[in-house]
Each structure stands twice: as C-alpha cells, then as structure tokens.
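Structure record follows, encoded as structure tokens.
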Amino acid sequence: QCHQEITCAGPVRCRMVMCVPPWQFDASCTTASATDNRTGEHNAPCNTSQPPPPPPPPVYPPPARANTWLAANADGRLELFHVGTDGAIWNRWQGTKNGGFTGNGRVGGRFPLGSEVVVGRNSDGRMEVFCVAANGNVHHMWQSTAGGGWSGVASLGGWIVKPLGIGHNADGRLELFGLAINNQLYHCYQLSPNGMWSDWQPLTGVPLASPPTAARNADGRMEVFAIGTDNQLWHRYQVVPNGGWSTWQSLGGSCKPLRPAVTPYGDGRLHVAVVGTDGAVWHIAQVVPNGGWNTLTSLGGSTNQPVALGANADGRHEVFIIEPDFDLVHSWESGGGWSPYASFGGGMTRWPAVYPNADGRLDLVVVGGDKVIWRTAQVAPNDIWTPLTQIGGVVP
1 QCHQEITCAG PVRCRMVMCV PPWQFDASCT TASATDNRTG EHNAPCNTSQ PPPPPPPPVY
61 PPPARANTWL AANADGRLEL FHVGTDGAIW NRWQGTKNGG FTGNGRVGGR FPLGSEVVVG
121 RNSDGRMEVF CVAANGNVHH MWQSTAGGGW SGVASLGGWI VKPLGIGHNA DGRLELFGLA
181 INNQLYHCYQ LSPNGMWSDW QPLTGVPLAS PPTAARNADG RMEVFAIGTD NQLWHRYQVV
241 PNGGWSTWQS LGGSCKPLRP AVTPYGDGRL HVAVVGTDGA VWHIAQVVPN GGWNTLTSLG
301 GSTNQPVALG ANADGRHEVF IIEPDFDLVH SWESGGGWSP YASFGGGMTR WPAVYPNADG
361 RLDLVVVGGD KVIWRTAQVA PNDIWTPLTQ IGGVVP
C-alpha cells in the first residue's frame, strides 16, 4: 500500500507489502487511510483482488400481453390498433401516461374488414403490428423509432387462416404463431432482437380450431395455447428459453373454438381462461411457476365471445366477457374465490381487451354495437371502474 494520502505529518506514509503464495483473501483487510508508525517488511497471505461475485440472475423482458389489439408504448402510454372502414390499420393512443385516448392516426396496409390486429413491442421499444391479408400472407409494419412514425407494409408470407398470436422470447425476439389452412400451427420469429424474420416453420401434431395465444413462463420459456378440433385445450412449450419446443399436450376441457386468454400471476404461474361449450368461463393455472397444471374449473357466466383476463395491481385476476344479450360483465378474485359477475352496461359486441396503465389501473377497451370503440378504466388501482365512454374509431 504505497502513497495512500493521509492527513497527518511525520509518520511513514508508505508501506511495502510482499505477497507470499499461497494467496488467500482476508475479509478484514481495509483500504481506509491509516498511520503506520513503524517501517518494516510484512509477509502477508493476501490476494490481489476479491473473488468475482456470482453472476446476476437473468433479466427477461416484460411478460408479453400482446395477444390483443391493446398494448403499451415504451413510455407507458397505451395504444390500440384496429382495421378501419378503408381496410387500413388505424391506431389510437393516450396523450399522456394514464390519460385519455386523445391521439389517432392511420398506420396503413389493406386487410379484410373485421380482421384482428395483434401488436408486440420490440426489445428497443418500437411497436410492431401484424395482420393477415386476404391471401393468407402476414403483413407487418413497425415504428421507425420508439413512439415514432411507421414503416410501409412488408410481407412475412404464410398461408394463415385465423388471427395471429404473438409472444416475446426471453432474449427479446418477437415470435408469431398462426393457424394454417390444414388446421396446424406454424410459427415465425425474429432471427435477432429487433431484426429480420425467419420463414414459417411447423409446430404441427394436433389439429387446432382457435387462434393461438402465447405467454412466457417465469423461467423465460414461451408457451402457446389453442383449442383443438376436439374441443380440448392444448399447449406446448419451449424446452429451454429461446429454444426448441415440446410436443403438444392436452389440458382437457370441452371448449368453444375461441382464443384462450393467458396472464401470469405475480409469482410467475400462468393462468388460462377459456370459454366452455356450455358458454361458461373455465380457468386453469399452473400449480407452481414453470410447472404442471391444476384442472379446469368453471367460473360461470355465459358468452359466445373470447374472454379477456387481466391482473390487478395487487395480484388478483379479473375476467371480462360479453354476454349473449351484449352486456359487458366482469368477475374478480375475492377472498380466495371469485365475485359474482357485475355489469358495465350493454350494447357491446366484440373484442374486450384489458391492459394495465403505468400506474397499475386496469384499462379495458371493447367494440360496441355501433362499431365504435368504448373504454372503461379503474379509478384507482384495484378499485371500481369509470362508466363506459366512446373514444372514437370505427371498427367494421
């Protein structure tokens, strides 16, 4: 330890230390200034550096909640996407985080009226939208910068006949899932984060009837869910994060061919909600994170539309459905069970989608019988909801 400045005069300011092997680290050593009143040579069992700390745990991107037409920008503002009366994709966005949907614009493209748009967020924050064209090709457009303008239309090919599913790999790469004309699932993925895309590749083995939904396990492995032509809920998962896939496995049930809803619990366990052939909502969750599954259980209700599933800020999950009389209702976890269904109001026809605001309040959008987009949001995290109000946009 030489030339370590100290605030005193007279005593020796320099000590020579000779390290004699074998070395070992002495945790009592200090680099603090000290006075040495004696000059000498010291044979010390020392180490030149402390052993390196263990590597940090892997950091995964936020869980994908992008199997709907509502998502969050890199700055936390919510944004929704839909096909308008001209066949192009249109978007509407919050003017400020947690605020109202005051912005609107035309993204572009040309798609069949009534097509569903899915949106994902690249690892650099840029949003990317996908929709199936009339010829079965998947077209996509992306922001040039996070929160910025949009590219022109590009094709990813394919022969897809159902709305897409989208997921985020642990390394940040987006991955698409689509049902082909043979009722088999195919996937297409970015070759690197924010980068180019692969060709469509098969995840075949079970004939499917519903659009797929992808989610990510607590350990980073993606898992995809769909309803089979046998009305059972099927799933398969990556064997390792970013890697290959297992075979298809059944979770049972008797389900309508509607897209499953998947949202993780706070502890990482995946939770799936589907619509049974009896019209009721059924749900199933992993027993432990990354692990096996419980059995499907009914939550009651009645619907002919896909269910939406959201997670409150306190971890409680909440389901949203449109009843056959077009009443929008919801039920939430309460006291270890689930509440009775409560109504938001009538006149809603399709596509309920829920996403958390930056402040933790859930936000819900839905298409009404007037073909206009309606919205409701919690007044505070985990709290009651505002009345349904129109936010504009025409969804044919």
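Here the working numbering is used: the first residue of the sequence shown is 1, the next is one more, and so on.
Just so you know, even glycine gets a beta-carbon here, dropped at the ideal spot from N, CA and C.
For residue i, the three-state DSSP class (helix, strand or coil)
| i | result |
| --- | --- |
| Leu113 | coil |
| Asp363 | strand |
| Leu309 | strand |
| Gln264 | The question names Gln, but residue 264 is Pro in the sequence shown. Pro264 falls in the strand class under three-state DSSP. |
| Glu223 | strand |
| Tyr189 | strand |
| Arg92 | strand |
| Asn137 | coil |
| Asn98 | coil |
| Pro203 | At residue 203 the sequence reads Leu, which differs from the Pro that was named. Three-state result, Leu203: coil. |
| Arg397 | The question about residue 397 has no answer, for the chain in this structure spans 1 to 396. |
| Trp159 | coil |
| Leu251 | coil |
| Ile384 | coil |
| Glu323 | coil |
| Trp69 | coil |
| Gly167 | strand |
| Ala154 | strand |
| Ala74 | coil |
| Gly292 | coil |
| Ser331 | strand |
| Val239 | coil |
| Gln232 | coil |
| Gly87 | coil |
Where the beta strand (DSSP E) containing residue i begins and where it ends
| i | result |
| --- | --- |
| Thr349 | Met348 to Pro356 |
| Gly178 | Leu174 to Leu179 |
| Ser298 | Thr297 to Gly300 |
| Cys131 | Met127 to Val132 |
| Arg403 | The structure shown has nothing for residue 403, since the chain only spans 1 to 396. |
| Val373 | In the sequence as presented, Val is not what sits at residue 373; that position holds Ile. Its beta strand (DSSP E) spans residues Val372 to Ala377. |
| Thr389 | Thr389 to Val394 |
| Ser343 | Ala342 to Gly345 |
| Gly120 | Val118 to Arg121 |
| Leu80 | Leu78 to Val83 |
| Thr213 | Thr213 to Arg216 |
| Trp282 | Val281 to Ala285 |
Beta-carbon proximity check, residue i vs residue j, cutoff 8 Å
| i | j | result |
| --- | --- | --- |
| Tyr186 | Gly158 | yes |
| Gly268 | Pro289 | yes |
| Met127 | Gly167 | no |
| Val132 | Ile160 | yes |
| His317 | His271 | yes |
| Ala377 | Leu362 | yes |
| Gly178 | Val119 | no |
| Arg375 | Phe101 | yes |
| Leu309 | Ala358 | no |
| Gly253 | Trp293 | no |
| Val367 | Gln390 | no |
| Thr295 | Ile284 | yes |
Minimum C-alpha distance to residue i - residue among the options
| i | options | result |
| --- | --- | --- |
| Gly315 | Val354, Ala353 and Pro264 | Pro264 |
| Pro211 | Ile373, Gly99 and Pro257 | Pro257 |
| Phe111 | Asp124, Leu80 and Val129 | Val129 |
| Leu164 | Gln184, Asn382 and Asp171 | Gln184 |
| Ser334 | Phe326, Ala311, Pro324 and Val354 | Ala311 |
| Gly108 | Met141, Gly136 and Arg92 | Met141 |
| Leu364 | Gly253, Thr386, Asp171 and Val281 | Thr386 |
| Ile384 | Ser343, Gly87, Gln286 and Gln238 | Ser343 |
| Ile181 | Asn304, Thr204 and Tyr189 | Thr204 |
| Trp150 | Gly105, Asp124, Gly114 and Ser115 | Gly105 |
For residue j and residue i, believed in contact at Cβ under 8 Å, the rounded distance
| i | j | result |
| --- | --- | --- |
| Ser198 | Leu191 | 6 Å |
| Ser302 | Gly279 | 4 Å |
| Ala74 | Ala146 | 4 Å |
| His82 | Gly369 | Contact flag wrong, Cβ pair sits at about 16 Å. |
| Pro260 | Ile227 | 7 Å |
| Leu78 | Trp93 | 7 Å |
| Trp234 | Val275 | The Cβ separation is near 15 Å, so there is no contact. |
Below-8 Å beta-carbon distance, residue i vs any chain D residue
| i | result |
| --- | --- |
| Val281 | Absence of chain D from the displayed structure is noted, only one protein chain being present. |
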